[in-house]
Amino acid sequence: MVVRDGELLTVPEVMAYLKIGRSAVYDLLRSHQLRSITIGRARRIPAHALADFVHSRLEQEATA
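If you number the sequence shown the way the UniProt record's numbering does, the last residue is 64 and the count never jumps.
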């Protein structure tokens, strides 16, 4: 999956990208580890927010 900057991803797309379940994605959203926007009733994750999340996790792993 290629993620383009400026793209808005759905929860299932983030699930597929991170290879985690729906509840894990919503846990990340609820804890503000992963940023999102709401459009009507739909939750969308900006591609840059996903990239920021992955980058921060890589930095955490490197310093641990």
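Heads up, the beta-carbon is just placed ideally off N, CA and C, and yes, glycines get one too.
Bear in mind that the values here come from a model prediction, so they are computed numbers and not experimental data.
A residue is called buried when at least 16 other Cβ atoms come within 10 angstroms of its Cβ; A16 does not meet this threshold and is exposed. With contacts defined as CB atoms closer than 8 angstroms, L58 and V14 fail to qualify as a contacting pair. Residue environment analysis places I45 among the buried positions, since at least 16 neighbouring C-beta atoms fall within 10 angstroms of its C-beta. Per DSSP, the continuous beta strand (DSSP E) segment holding A42 begins and ends at A42 to P46.
Checking the DSSP bridge columns, you'll see T10 has no partner listed.
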